[in-house]
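J.:
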Amino acid sequence: SAVISQKPSRDICQRGTSLTIQCQVDSQVTMMFWYRQQPGQSLTLIATANQGSEATYESGFVIDKFPISRPNLTFSTLTVSNMSPEDSSIYLCSVTSGSLFEQYFGPGTRLTVT
Amino acid sequence: GDSVTQMEGPVTLSEEAFLTINCTYTATGYPSLFWYVQYPGEGLQLLLKATKADDKGSNKGFEATYRKETTSFHLEKGSVQVSDSAVYFCALRSYNTDKLIFGTGTRLQVFP
């Protein structure tokens with residue numbers, strides 16, 4: 096398994112500002128994923144981030160709103176830009192690890208936009 | 130496209146009761162199937178998995194069998210505990226991708 100940490104664990108931000116969320120993994124992984132979990136809802140994939148290439152975004156998510164960096168095989172950041180209250184969610188980082196490509200999740204970043 | 134359907138919650142049980150949370154899926158090919166659990170205030174933890182038809186995943190007293198004929202992966206536990214109170218997510222990974230598709234989640238509440 097992989098151990099994943101995220102920073103910050105939670106934040107309260109004002110509308111119109113941006114927040115960068117960091118994801119650190121204790122081992123080198125090829126693929127990292129960013130998910131959003133809106134209050135009381137399931138998880139929705141935002142994008143897939145591979146080291147050395149541009150992130151691949153899912154339908155409904157764009158790079159200008161959610162820019163992602165993946166500078167190496169153990170680290171990634173997700174920025175939530177120009178925030179509005181609708182961006183209030185838990186943002187989770189995940190990675191695939193092991194020969195069976197199991198997917199593991201970080202503890203999440205709980206974002207509240209006021 | 131591929132999708133996962135879970136029974137709606139909350140599911141409310143007394144301690145030591147039998148648990149079933151239904152999950153059915155739609156997918157092309159042969160997906161892998163997973164159950165994740167999210168305890169209050171925490172991230173998701175992989176509970177169990179099955180990668181091919183008739184496989185049974187098990188962990189912590191929970192079980193689920195990959196039924197291709199009924200496209201189902203129902204989660205069961207013979208005797209629940211208060212500490213099992215959490216949200217349970219069924220998920221699939223299509224055979225040609227690493228992306229997970231999640232169901233809507235089912236909240237389980239176990240009372241003493």
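As you go down the protein sequences, you meet chains A and B in turn. Taking the working numbering, the leading residue of the first sequence gets 96, the next gets one more, and so forth. Taking the working numbering, the leading residue of the second sequence gets 130, the next gets one more, and so forth. We put the beta carbon where it would ideally sit given N, CA and C, even for glycine.
(1) Taking the alpha-carbon positions, what's the B:L204 to A:S184 distance?
(2) Give me the Cα-Cα distance between A:D121 and A:S100, rounded to the nearest whole angstrom.
(3) If the cut is a Cβ gap below 9 Å, which residues of chain A does B:L175 touch?
(4) Does any CB atom of chain B fall closer than 9 Å to the CB of A:F128?
(5) Am I right that B:S201 and B:T149 are in contact with their C-beta atoms under 8 Å? What's the rounded C-beta distance?
(6) Helix, strand or coil for A:D159? Go by DSSP, reduced to three states.
(7) What does B:E171 touch in chain A if you count any residue whose Cβ is under 7 Å from its own?
(8) Can you name, in chain order, every residue of its own chain whose Cβ lies under 7 Å from the Cβ of A:T143, other than the five neighbours on each side?
(9) For B:L229, return the contacting residues in chain A, with the cut-off set at a CB-CB distance below 9 Å.
(10) Please classify B:P160 as buried or exposed, where buried requires at least 16 other C-beta atoms within 10 Å of its C-beta.
(11) So does the segment 99 to 114 of chain A actually touch the segment 170 to 177 of chain A, counting three or more Cβ pairs closer than 8 Å?
(12) Under the assumption that B:G232 contacts B:A215 (Cβ atoms under 8 Å), give the Cβ distance between them as a whole number of angstroms.
(13) Which bits of chain A does B:G234 rub up against, with CB to CB less than 7 Å?
(14) Using the beta-carbon count (16 or more within 10 Å), is A:K221 buried or exposed?
(15) Of the residues A:L114, A:T209, A:C188 and A:Q133, which one's Cα is nearest the Cα of A:T169?
(16) In its own chain, which residues sit with a C-beta less than 8 Å from the C-beta of B:D184, not counting the 5 before and 5 after it?
(17) How would you write the range of the beta strand (DSSP E) that B:A220 sits in, first residue to last?
(18) What does the alpha-carbon distance come out to for the pair B:L181 and B:G158?
(19) Which residue marks the beginning of the beta strand (DSSP E) containing B:K185, and which one marks its end?
(20) Are the beta-carbon atoms of B:F186 and B:K178 separated by less than 9 Å?
(21) State the CB to CB distance for the pair B:V133 and B:I230, rounded to an integer number of angstroms; the pair is presumed to be in contact (CB under 8 Å).
(22) Could you check if A:S148 is buried or exposed, using at least 16 other CB atoms within 10 Å of its CB as the buried criterion?
(23) Residues of chain A with a CB under 8 Å from the CB of B:F218: which are they?
(24) What does DSSP give as the partner residue(s) for B:A179 in the beta ladder?
T.: Quick look at the numbers:
(1) Within the second sequence, the letter at position 75 stands for residue 204 of chain B. Within the first sequence, the letter at position 89 stands for residue 184 of chain A. Approximately 27 Å, taken between the alpha carbons.
(2) Sequence index remark: in the first sequence, residue 121 of chain A carries index 26 (1-based). Sequence index remark: in the first sequence, residue 100 of chain A carries index 5 (1-based). Cα atoms of A:D121 and A:S100: separation of roughly 9 Å, rounded to the nearest angstrom.
(3) One-based indexing of the second sequence puts residue 175 of chain B at position 46. Within 9 Å Cβ-Cβ: S96, E197, Q198, Y199 and F200.
(4) Taking the first residue of the first sequence as 1, we reach residue 128 of chain A at position 33. By this cut-off, A:F128 is an interface position.
(5) Taking the second sequence and counting its residues from 1, one reaches residue 201 of chain B at position 72. Taking the second sequence and counting its residues from 1, one reaches residue 149 of chain B at position 20. 11 Å between Cβ atoms; not a contact.
(6) In the first sequence, the residue the question calls residue 159 of chain A occupies position 64. In the structure shown, A:D159 sits in coil (DSSP, three-state: anything other than H, G, I, E or B).
(7) Sequence index remark: in the second sequence, residue 171 of chain B carries index 42 (1-based). Scanning chain A for C-beta atoms nearer than 7 Å to the C-beta of B:E171 yields P202, reported in chain order.
(8) In the first sequence, residue 143 of chain A corresponds to position 48, counting from 1. Contacts found: M126, F128, A150 and T151.
(9) Sequence index remark: in the second sequence, residue 229 of chain B carries index 100 (1-based). F128, Y130, L138, L140, S189 and Q198, listed in chain order.
(10) Start at 1 with the first residue of the second sequence, and residue 160 of chain B comes out as number 31. Buried, by the Cβ-count rule.
(11) By the C-beta criterion, the segment 99 to 114 of chain A is judged to be in contact with the segment 170 to 177 of chain A, since at least 3 inter-stretch pairs fall below 8 Å.
(12) For the purposes of this step, residue 232 of chain B is taken as the residue at position 103 of the second sequence. For the purposes of this step, residue 215 of chain B is taken as the residue at position 86 of the second sequence. About 14 Å separates the two Cβ atoms, so there is no contact after all.
(13) In the second sequence, residue 234 of chain B corresponds to position 105, counting from 1. One finds S137 in chain A with Cβ atoms closer than 7 Å to the Cβ of B:G234, taken in chain order.
(14) Nothing about residue 221 of chain A can be reported from this structure: the residues present for chain A run from 96 to 209 only.
(15) Numbered from 1 along the first sequence, position 74 holds the residue referred to as residue 169 of chain A. Ranked by Cα distance from A:T169, the options A:L114, A:T209, A:C188 and A:Q133 are led by A:C188.
(16) For the purposes of this step, residue 184 of chain B is identified with residue 55 of the second sequence, where counting begins at 1. Only T194 and Y195 meet the Cβ criterion.
(17) Mapped onto the second sequence, residue 220 of chain B falls at position 91. A215 to R222 is the extent of the beta strand (DSSP E) around B:A220.
(18) Locating residue 181 of chain B in the second sequence gives position 52, where the first residue counts as 1. Locating residue 158 of chain B in the second sequence gives position 29, where the first residue counts as 1. Reading off the sequence shown, one finds Lys at residue 181 of chain B, where the question assumed Leu. When the Cα atoms are used, B:K181 and B:G158 turn out to be separated by approximately 11 Å.
(19) Along the second sequence, one-based indexing puts residue 185 of chain B at 56. Under the DSSP assignment, B:K185 falls in the beta strand (DSSP E) whose first and last residues are K185 to N188.
(20) On the second sequence, position 57 is the one that residue 186 of chain B refers to. On the second sequence, position 49 is the one that residue 178 of chain B refers to. For clarity, residue 186 of chain B is Gly in the given sequence; the question names Phe instead. A distance below 9 Å separates the beta carbons of B:G186 and B:K178.
(21) Reading the second sequence from its first residue, position 4 is the one you call residue 133 of chain B. Reading the second sequence from its first residue, position 101 is the one you call residue 230 of chain B. The beta-carbon separation of B:V133 and B:I230, rounded to 6 Å, stays under the 8 Å limit for a contact.
(22) The residue given as residue 148 of chain A occupies position 53 in the first sequence. By the 10 Å Cβ count, A:S148 comes out exposed.
(23) By 1-based counting over the second sequence, the position of residue 218 of chain B is 89. Per Cβ cutoff of 8 Å: S137 and L138.
(24) Here residue 179 of chain B is taken as the residue at index 50 of the second sequence, counted from 1. B:L162.
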